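Numbered by the numbering used here, the letters in the sequence shown go through residues 96 to 599 in order.
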Amino acid sequence: MKFRHVVPLAIFLFLAAVAGPPAVKMVFAASYYVAPGGSDSARGTKARPWATFARAMAALRPGDTLYLKDGFYHQSLDVRVSGRPGRPIVFRAVNEGKAIVGTVYPSSPLRIAGQSYVLVEGINFRNRGPYDGNTYCSTDGAGYINVHGLNIFGADHIVLKRVTVNGSSGCNSAVIGLSKVRDSLIEDCAGSGPGRVVLNILDCGNITVRRCWLDWSGPSTGGGDTSSIAQIYDSSHVLMENNIGLNLTTTPTDDLGIWAHYKDSDHNTFVGNVVYHTQAYSAGGLRDTAEYEMRSSHSLFEDNVAILPVAGAYHSVPADVVGTGHHTSENNTYVGDGGGEGFLVHERPNRPQQATDAAVIDCSFINMDAGIYASSSGNNTVSAHRYNNFYRVRKCLWNERQMVPRGLDRTEKCNTVDPGYDTAKYGIGGYLIVPAALKGKGQGGADIGASVIYRYKNGMLTRVPLWPWPMEARILAEFHVSPTWQARGGIWKSLDGIYTQRAK
């Protein structure tokens, strides 16, 4: 290198060292506040909050947070802004459950339509009627965009955490309604109140619903042939894990399930869920249904518990698998009251050309008329049934065409093994524990029946305790029902020894 080149280079290096690294444009996230007594002419600070959500929408940018101070907001949280990957727009209660957003039909307290990357956390939503008879009575999701409790439509990357909602209104409405939503999460939420369905996931994909408490309290506002606690409707790649579905009324409903009506539903998974009725029979506790030549394929129901009084009719079953492509039921526990069927494979009479292929493995059936029941209609098969235990079941395996019980696998036990569920100590929570008689007795040394004690995350079982329920205090305060304690409508009479025994 010649000298004349060295000097300019040395000067450049010196100036670079003094100046430091190149300037980086900093992106700051802002925090704003609203309050029932605020003013839209204020600055939106903690000390001087705004009054309306509409005012906040004009200011919010990706990464910003809008805090809701305590009080009742008589307005809809109509989200009209989007975040970006890694920079969602956040709507958060300052004090969880104390910010109450309430509307009257036909408005929804929360509406997110066409937005992306939004997080809603800790807010208490409420909606009430009166429903006027016919308005917004559509089945495609678009026609009743305003009448659900929580209404999310055509959106993606939406997260709801520790959100509660009580009520919906309008024909065919849901307390929590998702339609045409993608890549979203509902976690530690609770829903109850009038509406045909508590949770409706319609034409959606890649949705996770985790640890939600879903209470069908009725009455239904109509618009469909059945009411449901939760339905995965024409949707695929939905994961339902550790949810509770309950019906404490005398009105029969479907419970947790899949419904392929206008579109196929594929690769939906239910793990660690609990569903129970106290007074009414069920039209399908864990249900996988297809009709109009649609298919529900590659469905997995594993480690779930259905505790239902049943009425003996074919719809009164803890599991109803209708017109599906491939269905697998593993390590589930089905409990009846002496009637009905545990796992029904049936073709709807007006849906020809549909057939079901189901596998039932390591399941526990207690107190019912028939355990695994293949009806006479359609080309239905239970291609695999192994290591199932039937106790107090009149017909353990029933094929209606031959009208005789036949074909039990050599690994299955029909009324010879009493599981010994300790319901005296634990209440119906006893069915969530694998008793000693069924431990290690399944396929490959697995347990038989469900164990819903620990949390699932992304379909994988963890060692984090599930009970008492994560939203126990808020649900008891806002809905006056306990998810955990039997004396207040919950599952467990006692939790004594549940985790200490398993830690040894």
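Glycine included, each C-beta is placed from N, C-alpha and C at the ideal position. Keep in mind it's a predicted model, so treat the numbers as computed, not measured.
- At the C-beta level, ARG306 and PRO144 stay beyond 8 Å of one another.
- For ILE195, no alpha helix (DSSP H) run applies; the uninterrupted beta strand (DSSP E) run containing it begins and ends at 194-199, by DSSP.
- Note that the region 121-135 touches the region 150-168; at least 3 beta-carbon pairs, one per stretch, sit closer than 8 Å.
- 8 Å or more divides the Cβ of GLY340 from the Cβ of LEU297.
- DSSP places LEU309 in the strand class (E or B) of the three-state scheme.
- Proximity of the region 549-560 to the region 273-291 falls short of the contact definition, fewer than three beta-carbon pairs being nearer than 8 Å.
- Between ASP350 and ASN338, the alpha-carbon positions lie close to 11 Å from each other.
- According to DSSP, ASN342 shares a beta bridge with HIS372.
- Looking at the backbone, the Cα of GLY431 and that of ILE402 are separated by about 6 Å.
- With respect to the C-alpha of SER287, the residue from TRP311, SER268, ILE302, ASN295 having the closest C-alpha is TRP311.
- Between ILE528 and ILE548, the CB-CB gap stays under 8 Å.
- Annotation for ALA194: LEU163, LYS164, ASP165, GLY166, TYR168, ALA188, GLY217, ILE218, ASN219 place their beta carbon closer than 8 Å to its own, counting only its chain and skipping 5 residues before and after.
- The bridge partners DSSP lists for TYR429 are ALA401, PHE460.
- Taking 8 Å as the cut-off, the beta carbon of GLY515 is found no closer than this to the beta carbon of ILE586.
- Residues ILE353, ALA355, SER360, ASP383, ALA385, THR419 of the same chain have their beta carbon placed closer than 6 Å to that of SER391, with the five preceding and five following residues left out of the count.
- Non-local beta-carbon contacts of GLN210 in its own chain, meaning distances under 6 Å to residues more than five positions away in sequence, involve VAL174, SER177, ALA250 in chain order.
- Note: VAL333 is bridge-paired with ILE302 in the DSSP secondary-structure output.
- Within a 10 Å sphere around the beta-carbon of LYS536 sit 16 or more other beta-carbons, which makes this residue buried.
- LYS520 is positioned such that its CB atom lies no closer than 8 Å to that of SER478.
- No Cβ-Cβ contact shorter than 8 Å links ASP398 with TYR357.
- For the set SER546, ALA465, THR423, THR140, the Cα lying nearest the Cα of GLY435 is the one of ALA465.
- Check the Cα spacing between HIS575 and each of VAL129, ALA285, THR147: the tightest is with ALA285.
- By the Cβ neighbour-count rule, ASN462 is buried, with 16 or more other Cβ atoms within 10 Å of its own.
- If you draw a 10 Å sphere on the C-beta of ARG291, you find 16 or more other C-beta atoms in it, and that means buried.
- Per DSSP, ARG487 is one residue of the beta strand (DSSP E) stretching across 484-494.
- CA-CA distance, ARG182 to TYR212, rounds to 8 Å.
- DSSP, read as helix, strand or coil, puts GLN210 in coil.
- Residue state for GLN538 is assigned as helix, using DSSP reduced to three classes.
- Of the residues ARG223, VAL196, ARG257, GLY133, the one whose Cα lies closest to the Cα of ALA568 is ARG257.
- By a beta-carbon distance limit of 8 Å, VAL400 contacts VAL369. Their separation comes to about 5 Å.
- In terms of CA proximity to PHE460, ASP513 leads the group ALA453, ARG505, ASP513, GLY502.
- With contacts defined as CB atoms closer than 8 Å, ARG206 and ASN246 qualify as a contacting pair.
- Taking C-alpha positions only, PHE148 is separated from ILE253 by approximately 18 Å.
- When C-alpha distances from ASN363 are compared across GLY300, VAL129, THR316, GLU425, the shortest belongs to GLY300.
- In the three-state reduction of the DSSP assignment, LYS256 falls in the strand class, which pools E and B.
- Collapsing the DSSP output to three states places MET555 in a strand.
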